[in-house]
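Residue -15 is where the sequence shown starts when you use this note's numbering, and the numbers rise one by one after that.
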Amino acid sequence: MHIVVEDLHKTLGTTKVLDGLSLEIHTGEVCVIVGASGTGKSVFLKHLVGLMKPDSGRISIDGEDIVHKSEREMLEVRKRFGMIFQSGGLLQSLSLEENVGLTLREVHRRSPDDIRDVVAEKLNMVGLEGRGDQRPSTLSGGQIKRAAIARALTTKAECLLFDEPTAGLDPLMAQTIDEVISDVNRKTGATTIVVTHDLISVFKIADSLHFIDKGRAVYSGGVEGFRKSQDERVRAFLERDAHGRDSLRASTQSGVQRPSAT
Ligand SMILES: Nc1ncnc2c1ncn2[C@@H]1O[C@H](COP(=O)(O)OP(=O)(O)O)[C@@H](O)[C@H]1O
Ligand SMILES: [Mg+2]
């Protein structure tokens, strides 16, 4: 899915949240949108799936404008996306297998046999094979994230959206989720958009990245260029993060790395 965003503006309340946001996302890539909290990243994702409309600007998907689509037309567009929510969004009363099959059952009305096969395949893809009978309450934070990814994969999404996928996870789980995201992108070829302020993730998984500051992209390009950027807004972000408050992190300014998994 090829996405072009041009000069997007959005004011919410009295805040100018998007202030001329322009960026391009290429088919099949892992695109990371990075920036401090409150810079409009989640608001941007909402525009992409039509949950919010801009005050002005253009968003095109595979060459087709989506800003002027009706709510009904947007339902079709939205089906092309798989969204992985921060909380995972699993229902406690259902087993893992039932949770992952939920969209196929409720939205796509697929037969139980079909659903069972697809669910097994997707659980396998995220490393949760054999856990279909478990309740969400018996899963770790990282496993819940993986289950949410498996569910998003059941509908053959062309574009996967992750909003802060590693937030609240310890470094090892965060590393596993990064690996699952890269792996799923490779295996499915789905365009993958990851919104995060986790620099460790950024450097590991991004094919391209856009750094958002005050509602606009002030750096777009590769990881190395970002690291070396002399833009003072980029430097401030990188240096702030390097001295960040998160004591679980082993990040340093020069080498950003999590403790290795054993
Ligand atoms: N529905 C809303 N109404 C009013 N303000 C909002 C709304 N959603 C987000 N905002 C504001 O927009 C700004 C950007 O929010 P958000 O996109 O969630 O930031 P982040 O980059 O952390 O994801 C914040 O100041 C937030 O308070
Ligand atoms: Mg957000």
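By construction, the Cβ of each residue, glycine as well, lies at the ideal position given by its N, Cα and C atoms. Since this is a predicted model, take the numbers as computed values, not measurements.
When you compare only the Cα positions, how much space is there between ALA141 and SER213?
In a straight line, the C-alpha of ALA141 is about 34 Å away from that of SER213.
Tell me, please, whether the region 55 to 64 touches the region 122 to 129 by the rule of three or more beta-carbon pairs shorter than 8 Å.
Verdict: no, contact absent.
Examine ligand 1 and report whether any of its heavy atoms sits within less than 7 Å of the Cβ of VAL27.
Result yes, Cβ under 7 Å from ligand 1.
Beta-carbon spacing of ASP46, HIS(-14) below 8 Å
Yes, the Cβ-Cβ distance between ASP46 and HIS(-14) is below 8 Å.
Spatial neighbours of ARG229 in its chain, beta-carbon cut-off 6 Å, leaving aside the 5 residues before and after:
In this predicted model, ARG229 has a pLDDT of only 39, less than 50, meaning its place in the structure is not dependable; the value taken from the coordinates is given anyway. Around ARG229, the same chain offers no residue with a beta carbon nearer than 6 Å, after the five sequence neighbours per side are excluded.
Can you tell me whether LYS171 is buried or exposed, with buried defined as 16 or more other CB within 10 angstroms of its CB?
Result: exposed.
In angstroms, rounded to a whole number, what distance separates the CA positions of GLY206 and VAL51?
Distance from the CA atom of GLY206 to the CA atom of VAL51, rounded to whole angstroms, is 28 Å.
Inter-residue Cα distance where the pair is GLY239 and SER77
With a pLDDT of only 44 at GLY239, under the threshold of 50, the placement of this residue in the model should not be trusted, and no figure is reported.
Can you list, in chain order, the residues of its chain whose CB lies under 8 Å from that of ALA201, leaving out five sequence neighbours each side?
LEU5, SER6, LEU7, HIS194, PHE195.
Measuring straight from C-alpha to C-alpha, what distance separates ASP334 and ILE161?
Nothing can be reported for residue 334, as the shown portion of the chain is limited to -15 through 246.
Name the DSSP bridge partner or partners of GLU7?
The amino acid at residue 7 is misidentified as Glu; the sequence shows Leu. For LEU7, DSSP records a beta bridge to VAL(-11).
Can you tell me whether GLU113 is helix, strand or coil according to DSSP?
Three-state result, GLU113: coil.
Ligand 1 heavy atoms versus the CB of THR(-1): any closer than 7 Å?
Look at THR(-1): its beta carbon is less than 7 Å from one of the heavy atoms in ligand 1.
Three-state class that DSSP yields for GLY34 in the structure shown:
Note: GLY34 maps to coil in three-state DSSP.
Closest by C-alpha distance to ASN83, when choosing among LYS63, ARG211, GLU55, LEU112
Checking every option, the nearest Cα to that of ASN83 belongs to LEU112.
Ligand 2 and GLU8: does the residue's C-beta get closer than 7 Å to at least one heavy atom of that ligand?
Checking every heavy atom of ligand 2 against the Cβ of GLU8, none is found closer than 7 Å.
Own chain residues within Cβ distance below 8 Å of THR(-5), not counting five before or after
If we look at THR(-5) and ignore the five residues flanking it on each side, its Cβ neighbours are VAL1, ASP39.
Three-way DSSP call (helix, strand, coil) for THR(-5) in this model
Here THR(-5) sits in strand by DSSP.
Is LEU183 near ligand 1 - that is, is its Cβ less than 7 Å away from at least one heavy atom of it?
Flag unset: Cβ of LEU183 not near ligand 1.
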